[in-house]
Amino acid sequence: MSSLYNVTETGITPNPLKPTPSTNTSEEYVDLFKKASVPTMAIETVYVDQNTSITHDEVLSHRLGLLPKQPPDTATRLTQKHLSSTPPPTTNNFTTVYSHELEWIPCGDQEKRLKKRPEIMPNILITKLRTNQKITLEAHCKKSTGSDHAKFSPVCTASYRMMPVVTMLEKVEGEEAEELVTLEPGVFKLVEKSGKITAEISDPLASTMSRNFMRNPSLAKKIKIERSARDFIFSIEAVGQISPVDCLVQAIEVLKGKGERLKGIMESEE
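Pasting the structure below:
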């Protein structure tokens, strides 16, 4: 599920229609958000006490390291312990081990200090156990960024594209209107005015810049679709630790912090 948001100086608000255009923005500046190092938490070290399952220790450790973890903001290290698991008698004679079976063990005063209990996304399959098989391990988590390892990256895809600008130079009516809606699905819609079928702009963001309407020489003279060099649309697909909106907000804070540090260095050298 994806949503569009207005990003302004005062905050971020949902917008089901279209995002607010960002004026006087260059591609270089927008590209900085993709490279912003937003920190997350992931399992870094696994101490296996017992593992009689079919999954090898190193494979099990890699699977644990890739589990999306939702940590508290103030924590830098956490401990998770996987308790012994023995499958109950079933017709298949095996049981599944999921991510939510990891139990958090607070370190020091973390239980009092951390307002939010750290969680791992539930219902992620880790391995399967047969009768009399068990796994007992301890996993240590740390907070880092994607430059350290890809498992710390909060997003799997973060991209942007220039905002499409759709302009109707002339009215499009009748069969041409129906053809236009077919060639550019979602971008235009049919409206009946004074007994005539007319095409109107429906959603410019639905344009894929295919310009299929130019197959018709007549439509090519009546419609204009181009990209705005100053307006951009972000597409953020989060892994699960942080929501897409929070990823963008934290990326802005990271860039702001880098700018302030650079400003301080330049001022100290003057």
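Per full-length UniProt numbering: the sequence shown = residues 1 to 270. Even for Gly, the Cβ is constructed at its ideal location relative to N, Cα and C. Keep in mind that this is a model prediction, so the values were computed, not measured.
The beta carbon of D49 sits closer than 8 Å to those of T136, L137, E138, all from its chain and outside the five residues before and after it, given in chain order.
The alpha carbon of F234 has as its nearest neighbour, out of F213, L190, L205, E179, the alpha carbon of L205. For L219, the enclosing alpha helix (DSSP H) starts and ends at 217-222. Shortest Cα-Cα distance from W104 to any of I120, A238, Y98 involves I120.
Y160 has F234 as its beta-bridge partners, per DSSP. Residue range 40-51 is occupied by the beta strand (DSSP E) that includes D49. By the C-beta density criterion, M214 is exposed, having fewer than 16 other C-beta atoms within 10 angstroms. With contact defined as three or more Cβ pairs closer than 8 Å, the region 139-158 and the region 32-46 are in contact. Secondary structure at I126: strand, using DSSP grouped into helix, strand and coil. In this structure, the beta-carbon distance from M163 to S228 falls below 8 Å. Scanning its chain for C-beta atoms nearer than 8 Å, with the 5 sequence neighbours on each side dropped, one finds around Y47 the residues L137, E138, A139, H140, in chain order. Contact annotation, L180 with V172: C-beta distance approximately 5 Å; criterion of less than 8 Å satisfied.
With fewer than 16 other CB atoms across the displayed protein chains lying within 10 angstroms of its CB, T157 is exposed. Taken through DSSP and simplified to helix, strand or coil, V187 comes out as coil.
Here C107 is exposed: its Cβ has fewer than 16 other Cβ atoms, across all protein chains shown, within 10 Å. Per the coordinates, the alpha-carbon of I197 lies some 54 Å from the alpha-carbon of L66. Sequence-distant partners of L219 (beyond 5 residues in either direction) whose C-beta falls short of 8 Å from its own C-beta, in its chain, are V172, E176, E179, L180, L183, F213. Judged by DSSP in its simplified three-state form, L137 adopts strand.
According to DSSP, V165 shares a beta bridge with E226. Collapsing the DSSP output to three states places S202 in coil.
Leaving aside the five residues that flank E170 on each side, the residues in its chain whose CB is nearer than 8 Å to its CB run, in chain order, K221, K222.
For F94, the beta-bridge partners assigned by DSSP are R130. DSSP places L262 within a helical segment (H, G or I) once states are collapsed to three. Shown here, Q250 sits in a helix according to DSSP, grouped into three states. With respect to the C-alpha of R161, the residue from T131, P118, T145, S207 having the closest C-alpha is S207.
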